[in-house]
Amino acid sequence: MEQLFTIGQLSKLFNIKVPTLRYYDEVGLLKPAKINNKTHYRYYSTQQFERLNVITYLRALDLPIDAIKQFFDARDINKLEAMLREQKLQVQKQITALENIDRRIDARINQVEDAVNSIWDKIEIVDLPAIPVVYLDEDYRPNDDIELPIVTLRKRFGLDKNIFLGKIALAVSKENLLREQFDSYNGLLLILEPGDSGDATGTLSAGKYIRLRFHGTHDTAAIQYQKLLQYCQKHNFEISGPAIETALIDYGITDDFDKYVTEIKFPIKDN
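Using UniProt numbering, the letters of the sequence shown map in sequence onto residues 1 to 271.
And the structure:
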């Protein structure tokens, strides 16, 4: 006599939840060997174990239910091979996406550590590599809501909304910098990193930069710009491009205003 197993017994044998087995029945993936007409209890036979093993294996590979059902309907080796190759392609895409996320996490960790461990209010002369950016040519004042131009930037250039943390900067043109109009920003830019969606529309040029990091925000930046201009005048440096102002740590990371960190830098050359 054929041995039958209740759905609960099958659930324990294969470590599969009862609702999942019921769902397999509903979609025609694994029908019970017998259903009691009075109690509507489902019973399964050992002949279905191999099919359930295959289902479990393919689900572990993250194949969708519809694809598994198509395989069983066809019972064809070529069909299975094609399914597995397609799934492998999807897995490779997922791996690439996860690697990009991993790089972003590392970049944010490094940025936060770098910001926290900075020497405050010290002017530095640094050599920086070229940095790809997406640039939005739009005037901005400190009292304006910065979130609106950020949304404009994201939508206009088809950017992933998850890549913005710690990478938004404001630009002050060389002309405004020399006129000491430090609160007249001429553009908003997103610093791109490997794996980010979207193509760069410009580049922050490689070369020598003067840089200053301080506790505070845009609201307290004017005096810092003054320090940088005075330093350039004293050491006979010529400003060769726009200033880039970046909130390395702000309200997006902490509610503690005393821990806000802002960086100002702009390219220079010797006179």
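By construction, the Cβ of each residue, glycine as well, lies at the ideal position given by its N, Cα and C atoms. Being a predicted model, the structure only gives us computed values, none of them experimental.
> Hey, out of E245, S45, Y43, F72, whose CA is closest to I55's CA?
Replying inline: That would be F72, whose Cα lies nearest to the Cα of I55.
> Taking the continuous alpha helix (DSSP H) assigned at E147, which residues delimit it?
Replying inline: First-last of the alpha helix (DSSP H) with E147: 147-156.
> Which stretch, first to last residue, makes up the beta strand (DSSP E) that contains S45?
Replying inline: Annotation for S45: the continuous beta strand (DSSP E) segment containing it runs 42-45.
> Would a C-beta distance cut-off of 7 Å place K208 and I268 closer than the cut-off?
Replying inline: Taking 7 Å as the Cβ cut-off, K208 and I268 qualify as a contacting pair.
> Ordered along the chain, which non-local residues of its own chain (more than five positions away) have a Cβ less than 6 Å from that of I35?
Replying inline: So the list reads R42, once near-sequence residues are dropped.
> According to the neighbour-count rule (16 or more other Cβ atoms, all chains shown, within 10 Å of its Cβ), is S205 buried or exposed?
Replying inline: A residue is called buried once 16 or more other Cβ atoms fall within 10 Å of its Cβ, and S205, having fewer, is exposed.
> Quick one: Cα of V172 to Cα of K122, how far?
Replying inline: One alpha carbon belongs to V172, the other to K122, and they sit about 21 Å apart.
> Helix or strand or just coil, what does DSSP make of R59?
Replying inline: R59: helix per DSSP, three-state reduction.
> Looking at the unbroken beta strand (DSSP E) that takes in K269, where does it start and where does it end?
Replying inline: Element bounds for K269: 261-270.
> Out of L84, F182, S240, G202, which has the shortest C-alpha to C-alpha gap to N271?
Replying inline: The shortest C-alpha to C-alpha distance from N271 to any of L84, F182, S240, G202 is the one to S240.
>> Please report the distance separating the alpha-carbon of R59 from that of P19.
In response: Taken atom to atom, the span from the alpha-carbon of R59 to that of P19 is near 15 Å.
> Leaving out five residues before and five after E263 in sequence, what residues of the same chain have Cβ atoms less than 6 Å from its Cβ?
Replying inline: For E263, the CB contacts under 6 Å within the same chain, skipping 5 residues up- and downstream, are R213, T246, L248 in chain order.
> For L177, is the classification buried or exposed, using 16 other Cβ atoms within 10 angstroms of its Cβ as the cut-off for buried?
Replying inline: Label assigned to L177: buried.
>> Starting from E245, trace the beta strand (DSSP E) in both directions and tell me its first and last residue.
In response: 243-249 is the extent of the beta strand (DSSP E) around E245.
> Which word fits V134, buried or exposed, when buried means at least 16 other C-beta atoms lie within 10 angstroms of its C-beta?
Replying inline: So V134 counts as buried.
>> Can you find the residues in the same chain that come closer than 7 Å, C-beta to C-beta, to I191, ignoring five residues on each side of it along the sequence?
In response: Annotation for I191: I131, V133, K167, A169 place their beta carbon closer than 7 Å to its own, counting only its chain and skipping 5 residues before and after.
> Would a C-beta distance cut-off of 7 Å place Q87 and L63 closer than the cut-off?
Replying inline: Taking the C-beta atoms as reference points, L63 is found nearer than 7 Å to Q87.
>> Between the alpha carbons of I16 and D66, how many angstroms are there, rounded?
In response: Taking the straight line joining both Cα atoms gives about 19 Å.
> Which term fits K259, buried or exposed, when burial requires 16 or more other beta carbons within 10 angstroms of its beta carbon?
Replying inline: When all chains shown are included, K259 counts as exposed.
> Is K17 helix, strand or coil when you go by DSSP?
Replying inline: Here K17 carries a coil assignment [DSSP, helix/strand/coil].
> For F71, does the three-state DSSP call read helix, strand or coil?
Replying inline: Residue state, collapsed to three classes: helix.
>> By the three-class DSSP mapping on this structure, what secondary structure does R104 have?
In response: R104: helix per DSSP, three-state reduction.
> Quick one, which of L189, C232, D199, I146 has its alpha-carbon nearest Y251's?
Replying inline: Taking Y251 as reference, the option from L189, C232, D199, I146 with the minimal CA-CA separation is I146.
> Hey, would you say P142 sits closer than 7 Å to H218, going by beta carbons?
Replying inline: In contact: P142 and H218 (Cβ atoms closer than 7 Å).
> Quick one, are the C-beta atoms of I223 and I125 less than 7 Å apart?
Replying inline: Judged by beta-carbon spacing, I125 lies beyond the 7 Å limit of I223, meaning their Cβ atoms are not closer than that value.
> Based on the DSSP secondary-structure assignment, which residues constitute the bridge partners of D144?
Replying inline: DSSP, once it has assigned bridges, lists no residue as partnering D144.
> So, are the CB atoms of G187 and D106 less than 7 Å apart?
Replying inline: With respect to D106, G187 sits apart: the two C-beta atoms are not nearer than 7 Å.
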